[in-house]
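The structure appears below as structure tokens.
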Amino acid sequence: MKAKHTLMVQGTTSDAGKSVLVAALCRILANHNIKVAPFKPQNMALNSAVTAEDGEIGRAQAVQADAARIEPHVDMNPVLLKPNSDIGAQVIVHGKAIGNSDAVDYHQMKPQLLGAVLDSHQRLSQQFDAVIVEGAGSPAEINLRDRDIANMGFAEAADCPVIIVADIDKGGVFAHLVGTYELLTDTEKARVVGFVINKFRGDIKLLLPGNQWLENKLGIPVLATIPYIPDLYIEPEDALDLNQILSTNNSINITVVVYPRISNHTDFDVLRLHPNVNLRYARTSNAVDKCDLLILPGSKSVMGDLSFLVDNHWQEFIARHLRYGGKVFAICGGMQMLGQRLYDPQHIESNIDEMDGLNYLPIETTLQGAKTLSQTKANCLTSGSAISGYKIHAGKTIETASVKRLFKLANGEFDGYESQDGQIKATYLHGVLDNPRFLSQLLEWAGLIGATGFDYESEKDNQIEKLATEVEKVMPINVIKQLLSLN
230 MKAKHTLMVQ GTTSDAGKSV LVAALCRILA NHNIKVAPFK PQNMALNSAV
280 TAEDGEIGRA QAVQADAARI EPHVDMNPVL LKPNSDIGAQ VIVHGKAIGN
330 SDAVDYHQMK PQLLGAVLDS HQRLSQQFDA VIVEGAGSPA EINLRDRDIA
380 NMGFAEAADC PVIIVADIDK GGVFAHLVGT YELLTDTEKA RVVGFVINKF
430 RGDIKLLLPG NQWLENKLGI PVLATIPYIP DLYIEPEDAL DLNQILSTNN
480 SINITVVVYP RISNHTDFDV LRLHPNVNLR YARTSNAVDK CDLLILPGSK
530 SVMGDLSFLV DNHWQEFIAR HLRYGGKVFA ICGGMQMLGQ RLYDPQHIES
580 NIDEMDGLNY LPIETTLQGA KTLSQTKANC LTSGSAISGY KIHAGKTIET
630 ASVKRLFKLA NGEFDGYESQ DGQIKATYLH GVLDNPRFLS QLLEWAGLIG
680 ATGFDYESEK DNQIEKLATE VEKVMPINVI KQLLSLN
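Residue numbers for the sequence shown follow the working numbering, so the first one is 230 and each next one is one higher.
Encoded structure:
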């Protein structure tokens, strides 16, 4: 099959800039009135999003869809792997989990999964004028070349041109590009149509001789050198920046606990950008000094991460934090941990049948194979604010005693809880902090007085537009259109 209107972005390494470059190209093409869609054949990430058809895809593809000004769809990421151990992951195909697999077994599944990948790509190709594809990791990983569906394996099957991007900020950019190219097969080399150098700082004149050397050596042009863009924020695909984010304004101190299988930490990106929040991510309790609000995030391995909390003395920290008047907010797996008991009879996430929770809420949770996936609208019962978010969890939670509920959903059901003393709030809803009114009320509950109004959705779009503007200054868009057969 010939993918006439498809262009693939691969990278020399993970975090080379593939996700961001795809987002930039999607927004640039959309600004040129071209109907464009992002696509990633296979993604491995614990950050995910729920689509309108109640399917699960990688968070990066949802961001790229926002950049393209379209709704996310499961076809944009047909295969998603969510690691639940060092050697295994949950396998999600066309938005639905089909089971857990270790690395060896998954390798055997790839030929069948390639069919699902190509089906999704074909559907997108029929609906859109252009498809911008993101690879995964590097195409030059020798141990992953056999049966590859994420990089050159897809490019060969779909017959599309490839751009390779490298991050000069890490150093060794020419070694990365030459080494990656030389490790490709002859047919794979033939589809590489250009290189992109990402995050360049300084005078471009100093880099031009190197670019010319590269083109002379390999016969492949450097299509663009993208400058380092200060103060740019685009939601990360999976990496978590543990650096503390400090505000110089009237502020509140918030700590997010980082357990080994933390998931959907993009829930807290709004806090990272909020002008009144000092945000800290912490793996250990002794790394926390000032904390007004402690957050327990989602988890892909609730029992394992709960054991991590206990082993690393977070249990004592939480008790002391609450005793001195601090507040706790929990989402999804974090809420399950705050209950009285956790059960995993089918061993969905672990080999443990059951274990005690932290016992702050009168609830119990049983992990089940069927995952709840839905976009959700609700009203906060304590403040009346309307909110939207999404559910993505494998647990069935029941109440063991009377408890104050937090949200009433549009379908009439309830979600979330508030402790009797008012110091703890918890919910299954991801994305709830993206709602400006609810966020302001939550920060006020946690002790912030006079919070600055903050529209996170507008800020995210402004950041995507900023990225697209800077990339278009250096990227020959006419060449990109030619590669997509749009001219």
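All C-beta atoms, glycine included, are put in the ideal place defined by N, C-alpha and C.
Starting from Asp690, trace the alpha helix (DSSP H) both ways and give me its first and last residue. Tyr685 to Val703
On the three-state DSSP scale, how would you describe Ile455? strand
Can you tell which of Pro390, Thr656, Leu551 and Glu699 has its C-alpha closest to the C-alpha of Ile455? Glu699
Compare the Cα-Cα distances from Gly555 to each of Pro450, Leu435 and Leu677 and report the closest residue. Leu677
How should Glu593 be labelled, buried or exposed, when 16 other C-beta atoms within 10 angstroms of its C-beta is the threshold for buried? buried
If I follow the unbroken beta strand (DSSP E) through Gly328, where does it start and stop? Lys325 to Asp331
Note down the Cα distance separating Leu275 from Ile491, rounded to an integer number of angstroms. 7 Å
In whole angstroms, give me the CA-to-CA distance for Gln356 and Phe683. 35 Å
Can you look up Pro438 in the DSSP assignment and give me helix, strand or coil? helix
Beta strand (DSSP E) runs wholly inside the region 381-422, at least 3 long, in chain order: 391-396
Would a C-beta distance cut-off of 9 Å place Cys609 and Phe667 closer than the cut-off? yes
Close beta carbons around Lys625, own chain, < 6 Å, minus the five adjacent residues each side: Thr595 and Gln597
Does the region 388-406 come within contact of the region 294-313, defined as at least 3 CB pairs closer than 8 Å? no
Bridge partners for Pro267 per DSSP, in chain order? Ile361
Kindly indicate which residue of Ile653, Val346 and Glu578 has the alpha-carbon position closest to the one of Gly328. Glu578
C-alpha distance - Ile361 paired with Asp585, whole-angstrom precision: 47 Å
Check whether the region 407-421 and the region 379-388 are in contact - that is, three or more C-beta pairs closer than 8 Å. yes
Beta carbon of Ile547, beta carbon of Asp521: below 9 Å? no
If you reduce the DSSP assignment to three classes, tell me which class Asn707 lands in. helix
Residues that His336 bridges to, as DSSP identifies them: In the DSSP output, where bridge partners are listed per residue, His336 has none listed.
Start and end of the alpha helix (DSSP H) containing Leu538? Val531 to Asp540
Have a look at Arg352, Ile426, Gly618 and Val322 and flag the residue whose alpha-carbon is nearest the alpha-carbon of Lys339. Val322
Between Gly277 and Ile286, which are expected to be in contact by the criterion C-beta below 8 Å, what is the C-beta distance as a whole number of angstroms? Checking the displayed sequence, the identity of residue 277 turns out to be Ser instead of Gly. Yes, Ser277 and Ile286 are in contact; Cβ-Cβ is about 6 Å, under 8 Å.
Cross-strand partners of Met273 (DSSP beta bridge): Leu310
For Ala232, three-class secondary structure by DSSP: coil
So, with DSSP's three-state summary, where would you put Thr446? It should be pointed out that residue 446 corresponds to Lys in this sequence rather than to Thr. Here Lys446 sits in helix by DSSP.
When the Cα of Ala332 is compared with those of Arg501, Ile316 and Ser714, which residue comes out closest? Ile316
Are Pro591 and Glu583 closer than 9 Å when you measure CB to CB? no
Roughly how many angstroms lie between the CA atoms of Ala404 and Ala639, to the nearest whole one? 55 Å
Out of Leu412, Ala387, Thr416 and Ile426, point me to the one whose CA is closest to Val402's CA. Ile426
With a CB to CB cut of under 6 Å and the five nearest residues on each side skipped, what residues in its chain are close to Arg288? Asn276, Ser277, Ala278 and Thr495
Which residues does DSSP list as the beta-bridge partners of Leu525? Ala559
Return helix, strand or coil for Asn372, following the three-state DSSP convention. helix
Starting from Gln544, trace the alpha helix (DSSP H) in both directions and tell me its first and last residue. Trp543 to Arg552
Use the C-beta contact count for Pro267: other C-beta atoms within 10 angstroms, 16 or more gives buried, fewer gives exposed. buried
Length-filtered (3 minimum) beta strand (DSSP E) runs lying within the region 588-622: 592-609
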